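Student: Take this structure, written in C-alpha cells, and hold onto it; I'll ask about it next.
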Amino acid sequence: MAVTAGHREATRRAVEPASSSQRLKESAFKATMLLSTLVGLLFLTVLLVDVGRDGLPLVGADFITSFPSRISPETSGVRSALQGTLLLIVVTAAFIVPVGIATAIYLEEYADTERWWNRIIELNIQNLAAVPSIVYGILGLAWIVRGPLSLGRVLLAGALTLGLLVLPVVIVVAREAIRAVPSSIRDGSLALGATQWQTIWKQVLPGALPGIATGVILALSRAIGETAPLILVGAVAFYRFDSDGLLSSFSALPIQILEAVTDSDPAFRDLAAAAIIVLLVILLLMNSVAIFLRNRYEQKW
Amino acid sequence: MSKRMTEPTPARRSASTNESFAREAADVTTLSTAVADRPDHETIFDVEDVSVFYGDKRAVRNVRIRLAQNEITALIGPSGCGKSTFIRCLNRMNDLIPSAKVTGSIGYHGQDLYGSDVDPVQVRKRIGMVFQKPNPFPKSIYDNIAFGPRVLGLKGDMDEIVESALRRGALWDEVKDRLKTNAFGMSGGQQQRLCIARSLATSPDVLLMDEPCSALDPISTGRIEDLMMELKQDYSIVIVTHNMQQAARVSDMTAFFTVELDGDSGHRTGAVVEYDKTDKVFQNPSDKRTEDYVTGKVG
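Note that the protein sequences, when read in sequence, are chains Y and D. The numbering used here puts the first residue of the first sequence at 2, with every later residue one more than the last. The numbering used here puts the first residue of the second sequence at 105, with every later residue one more than the last.
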C-alpha cells in the first residue's frame, strides 16, 4: 500500500493488513492439510464399520472359547488362535526385552563408535529394520524350524522368528530412550564413585524405562499382526487343542483370519471379520498401555 | 569397603612431550613456589607437568601447581583456557572421554592418581565433584542423597547419613518436611546445594566445583559461597569460576589460566600463567596477562 506524504496522517497504519490473496492461500493450504488427514481417517472408519457389521454379531463368549471348525461356522471360534497369539506375545517379549535392551546398552554406553565393527553393527541394525517380514519367515524356517536349531513347527519357533523380526525396532527405540537420559546424570553418578555398571543399572535404565517399555509394546503389537513369517514356520489354521506349551504346534489369529477370508463359504468369511475384531481389541489394549506408560512415567529432563 | 569392579586403566603416559616440557620449563618453574613457600600448609594435590590432549589437540599444557589441604583454590581465566578440562583431571572424569589423554603426574597425598594400579572409581569416591548445571537425579531428595552411600555400600543409619549431609549442605531446614518429594521441584539454587550435599554424603576428602554458581542468581550464589567457607574446615575445595569477584571473595589461592597458541601445531592451548595467594593475584599480579585479566582489560 503506497503511502504518499500528503495522505500520511489519514492513512497511517502501524501494521499493513494482509492482502486477500494471501489470506486465501493460507486457508487453502490449511484445508489441504485437513483433507489429507481425513483420507486416512476415512479409510479406517470404513474398514471398522465394515468389519464391525460382519463380525460384531458373531463375537461373544462362545466365539472366544470354541475351537475352530471346518464344518459348522456357527460353532467355530478362535480359542486356540487367541491362546497362540497371547502366548506368542509373552514368549516374544521374553526374548526381545533382554536381548534388545542389552544391545542398546552396549551400543549407547560401551561401544566406541570410532571403531569400524561398532559402526557396522549399527548400520546392520538399521538395515535389518527394513527387511521384509517374509524374509524373516524364511530365516525362521531354515534356521529355527529346521537347520541348526531344528525346533520343529512349534510355538517357540514362531516366537523366536517374530522376535528376530521386531528386534531391530526394539533396539532403535531403546537406544533413543537411553540417549535421552542426559549425560549430566551419568557424570553425577560416576562422580559419586559409582561404577559404570551401577550408573547404567540405577540411573540410566530407570530413566529410559518408560521409553523402552513403550517401544517394546509397539514392537509386539507389530509382531502379533504378522502373518507371513508364521505361515512359513508352520502355524496351523485349524488347531483343535488347547495350547500345550512352547514346544507344541500352535495357531495364531492372523493365520486363522487368512484361512477364513480365503474360504468359499460366506459364513466362514464373516468369521474372519469376527477374528479381526478380537485381534484389533488386543492391539488397541496394547497401544493404550503404551500411551499410558508414556504419558504417566515419561521423564522430563 | 570392598573393591568394586575395576575399570581397565589404559596407559596414559607418553614420553613424547618430555622434550617440549624441557623447553617450556623455564617459564613455569616460578609457579610451584607459591605453595612450597608455605610449609605450614599440607599439600593435597601435587600437579607435575600435566598436559591434557583430546585426540592430537593439546587442551592444557604443562600445569605445575600444588594445592593445599583445607583451602579453597580458585581456577580463573577466559573461556577455552582449559580450567574445566584441568579440574576434571583431578578426579579422573576425563577418563570417560575416549579421546582424552593425560600426561604428567598428579600426586594425591603422595600417590600418583594416574598410576597403573589406581582405579578411577576409587579415586572418585575420595574426590567428589559438583557440576556447572545442577544435575539432581530424577528421584526424591532423600534418594538423591542416599544414592552415593548406597552404591558405595556404606554402613550406618541411612536417615542419619541423609540428615547430616543435608545439614552440611545448608539445606536441611528448607527440605526436612519434604524429603520424599522429587528433587526436580526444587529451585535451581536448592538443586545445586542438593548436589553439594549429595557429594558430601559419601564423606569425600576433596570437593571439585566446576562453575557451580554460573546458573544461579546472586542470592543463591551467596549462599553457596557461605557454604564453601564453612566446608573448607573439613574439606579441600577446588573451584573453577568465571566470576572474578567470587574467586576474590572465597579462595585462598588462585591459579590464572590463559589461552595461547601452541607453537608446534597452531592449536589453542590453555596454560597456567600465575599461581599465588588470591590477594596477591588480584592486587599485585606479577604477570602482565594476569593484571590485564583481573582488571578487566581483556577477557
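By construction, the Cβ of each residue, glycine as well, lies at the ideal position given by its N, Cα and C atoms. Computed from a prediction, not measured in an experiment: that's the story for all the values here.
1. Leaving out five residues on either side along the sequence, give the residues of the same chain with a beta carbon under 8 Å from the beta carbon of Ser-28/Y.
2. Got a sec? Which residues, its chain only, sit under 8 Å from Ile-278/Y by beta carbon, not counting five neighbours each side?
3. Indicate whether at least one CB of chain Y lies closer than 8 Å to the CB of Arg-302/D.
4. Given that a residue counts as buried once 16 or more other Cβ atoms are within 10 Å of its Cβ, and exposed if not, what is Pro-322/D?
5. Gly-211/D bridges to which residues according to DSSP?
6. Name the two residues that bound the continuous alpha helix (DSSP H) containing Leu-42/Y.
7. Mind checking which residues open and close the alpha helix (DSSP H) that includes Phe-269/Y?
8. With a cut-off of 8 Å, does the C-beta of Met-233/D fall near any C-beta of chain Y?
9. Do Asn-174/D and Gln-337/D have their C-beta atoms closer together than 8 Å?
10. In chain Y, which residues lie with their C-beta within 9 Å of the C-beta of Val-255/D?
11. At the 8 Å Cβ level, is Phe-251/D part of the contact set with chain Y, yes or no?
12. Compute the Euclidean distance between the alpha carbons of Thr-285/D and Leu-219/Y, then round it to the nearest angstrom.
13. Taking 8 Å as the CB-CB limit, is Ser-390/D close to chain Y?
14. Can the beta-carbon of Pro-69/Y be found less than 8 Å from the beta-carbon of Ile-135/Y?
15. Thinking just about the alpha-carbon of each residue, which of Ala-160/Y, Ala-178/Y, Pro-149/Y and Thr-93/Y is nearest to the one in Ile-106/Y?
16. Looking at chain D, is there any beta carbon in it that lies within less than 8 Å of the beta carbon of Asp-113/Y?
17. For Asn-239/D, would you say it is in contact with chain Y, using Cβ-to-Cβ distances shorter than 8 Å as the test?
18. Can you name, in chain order, every residue of its own chain whose Cβ lies under 6 Å from the Cβ of Thr-405/D, other than the five neighbours on each side?
19. If you reduce the DSSP assignment to three classes, tell me which class Arg-162/D lands in.
20. Is there at least one Cβ from chain D nearer than 8 Å to Ile-179/Y's Cβ?
21. How many angstroms separate the CA atom of Leu-284/Y from the CA atom of Leu-83/Y?
22. Could you pull out every residue in the same chain whose Cβ sits closer than 8 Å to the Cβ of Thr-76/Y, ignoring the five residues on either side in sequence?
23. Looking only at its chain, what residues have a beta carbon closer than 7 Å to the beta carbon of Val-100/Y, apart from the 5 residues adjacent to it on each side?
24. What's the call for Asp-314/D, buried or exposed, on a 16-neighbour Cβ count within 10 Å?
25. Measuring straight from C-alpha to C-alpha, what distance separates Phe-239/Y and Ala-94/Y?
26. Identify the contact partners of Pro-316/D in chain B, using a Cβ-Cβ distance below 7 Å as the criterion.
27. Mind pulling the chain D residues with CB within less than 7 Å of Ile-139/Y?
28. Distance cutoff 8 Å, beta carbons only. Does Met-262/D sit that close to anything in chain Y?
29. If Arg-196/D and Arg-162/D are in contact, beta carbons under 8 Å, what's the gap, nearest whole angstrom?
30. What span of residues does the alpha helix (DSSP H) with Gly-326/D cover, start to end?
31. Output the distance between the C-alpha atoms of Cys-317/D and Ile-328/D, rounded to the nearest integer angstrom.
32. Return helix, strand or coil for Tyr-246/D, following the three-state DSSP convention.
33. If you count every other CB in all the chains shown that lies within 10 Å of the CB of Ser-307/D, and 16 or more means buried, which is it?
34. Three-state secondary structure (DSSP) at Met-357/D?
35. Given that Gly-208/Y touches chain D, what residues does it touch there, using C-beta distances under 7 Å?
36. Whole-angstrom Cβ separation of Thr-162/Y and Gly-141/Y, contact assumed at under 8 Å?
Tutor: Concretely, from the data shown:
1. none
2. By the criterion of a C-beta distance shorter than 8 Å, Ile-278/Y is surrounded in its chain by Val-52, Gly-53, Gly-56, Leu-57 and Val-60, once the five residues flanking it on both sides are discounted.
3. yes
4. exposed
5. DSSP output for Gly-211/D lists Asp-150/D and Asp-216/D as bridge partner(s).
6. 21–56
7. 267–298
8. Any Cβ of chain Y closer than 8 Å to the Cβ of Met-233/D would place that residue at the interface, and such an atom is present.
9. yes
10. Ser-190, Leu-193, Gly-194, Ala-195, Thr-196, Gln-199, Thr-200 and Lys-203
11. yes
12. 32 Å
13. no
14. no
15. Among Ala-160/Y, Ala-178/Y, Pro-149/Y and Thr-93/Y, the Cα nearest to that of Ile-106/Y belongs to Ala-178/Y.
16. yes
17. yes
18. In the structure displayed, chain D extends from 105 to 403; residue 405/D sits before or after that span and is not available.
19. strand
20. no
21. 12 Å
22. Asp-63, Ser-67 and Ser-70
23. Excluding positions up to five away in sequence, the list reads Leu-168.
24. Under this definition Asp-314/D is a buried residue.
25. 25 Å
26. Absence of chain B from the displayed structure is noted, the protein chains being Y and D.
27. Under the 7 Å cutoff, chain D gives no residues; its nearest Cβ is about 40 Å from Ile-139/Y.
28. no
29. Arg-196/D to Arg-162/D, Cβ: 19 Å. No contact.
30. 322–335
31. Each residue's alpha carbon lies about 8 Å from the other.
32. helix
33. buried
34. strand
35. Pro-242
36. 3 Å
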